[in-house]
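A.B. asks:
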Amino acid sequence: MTETAPRVEVASRTPFDFRLALRYFRRRLGELVDATDGDAYRRLLLIDGSHALVQVRAADEPRVPGVSVELLAGDAASLPAAAGAILHALGLDDDLDQMHSAFRNDAVLTSLFRRLRGLRLVKTQSAFEALVWAIIGQQINLTFAFRLKSALVQSFGESLLFEGQTYWAFPQPERLAGADEASLAVTGLGRRKAATLVSIARAVAKGQLDLEALATIDRGEAVARLIAIPGVGPWTAHYTLLRGLGDFGAFPASDLGLRMAAGRLYCAGEPASLSRMRQLAEEWDDWRGYVAFYLWNSPAENAT
DNA sequence: ATCCAGGCTCCTG
DNA sequence: CAGGAGCATGGA
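Numbered as in our numbering, the first sequence ends at 1012 without a single skipped number.
1) Checking 8 Å against the spacing of the C-beta atoms, do Q873 and L754 come in under that value?
2) Alpha carbon to alpha carbon, how far is F870 from S858? Give it in angstroms, no decimals.
3) Determine whether the beta carbon atoms of L662 and L728 lie at a separation below 8 Å.
4) What did DSSP end up calling D756 once you bin it into helix, strand or coil?
5) Since L919 contacts V912 with CB under 8 Å, what's their CB separation in whole angstroms?
6) Quick check on the DSSP output: the beta strand (DSSP E) that includes Q873 runs from which residue to which?
7) What first and last residue would you give for the beta strand (DSSP E) that runs through S981?
8) With a CB to CB cut of under 7 Å and the five nearest residues on each side skipped, what residues in its chain are close to A767?
9) Quick one: complete alpha helix (DSSP H) runs, 4+ long, within the region 940-1002?
10) Classify L779 as helix, strand or coil using the three-state DSSP reduction.
11) Tell me which same chain residues have a C-beta within less than 7 Å of the C-beta of L827, skipping the five on either side of it?
12) Please name the residue, chosen from R812, W995, V816 and V762, that lies closest to A790 on a Cα-to-Cα basis.
13) Considering just the uninterrupted stretch of the alpha helix (DSSP H) at R731, what are its terminal residues?
14) Report yes if the C-beta distance between D963 and W995 is below 8 Å; otherwise report no.
15) What number of angstroms, rounded off, separates the C-alpha of A1008 from the C-alpha of A793?
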């Protein structure tokens, strides 16, 4: 079975709590791409065009924080790349100590960091994945957004059957580029989002749009380029930079969930106003996006 | 039917 | 640049 699966240990900076990452992946039932199985996270990656199904668990030795990455299926040669992808996605190199000390005089954030100690910003496997997910999630409730994502994944993503379970990779732009807008709209996306997704997928597939390269330029310029795409606004642009490219200074200030969570911490439960959000973002400075991820993971029932 | 949901666009002051 | 009116598309 899996006893002989190639595997590698990947170390993390401290603090790190794998259970919080797992909880994030489990936040909605029916998630196909980021799969969980008990205490394990499983994901089908495409590495150099071939399938690599990885299983991630907390490191065996709890005194050394990190994860073990096992290759359940695929070419053993792809294990290092897979481990690197997981390291990045789980944010194991993010310097939480630096963030903690930057806000050591901020009682609210210090309490939030303590409550979610070891939580790291979960990144997507590509900027394209974050952008597509953001577009799907615009102005609809999250439950419905997850359903739409599943439909998209099952139509355009590659899959692998392993031990009776089907695992899905997030759709490649090349595949989505060939989609028929009309039939995409039928799945509930709506004409506008369908058109936006297909046009982005085509631009990426043709090499006209290099989303990963946005990480190498000025944030303002990156946002401007994303917003130039019809159907992409500031919220989508910032979400993409944050979750897709790990730009901790990106911040979707208008996000409803953020405004609610910030409201619980700062505004007596009322959703924080946009101007308040901007003010908080100023305080949070280069860590504003990372703080946002903490807020998203700070549900009402956990509020102090 | 009515209001809401992890917005976007266009139009005003 | 801030604030507001439509707009789209299902859910509860």
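Here a beta-carbon is modelled for each residue, glycine too, at the ideal position from N, C-alpha and C. The structure displayed is predicted, hence computed values, not measured ones.
C.D. replies: So, from the data block:
1) no
2) 19 Å
3) Lying before the first or after the last residue shown, residue 662 is absent from the chain, which here runs from 709 to 1012.
4) coil
5) 6 Å
6) Q873 to W876
7) Segment: none, S981 is in no beta strand (DSSP E) and carries neither H nor E.
8) E717, P773, G774, V775 and S776
9) 942-947, 964-974 and 982-992
10) strand
11) D725, L728, Y1002 and N1005
12) V762
13) F726 to F733
14) no
15) 32 Å
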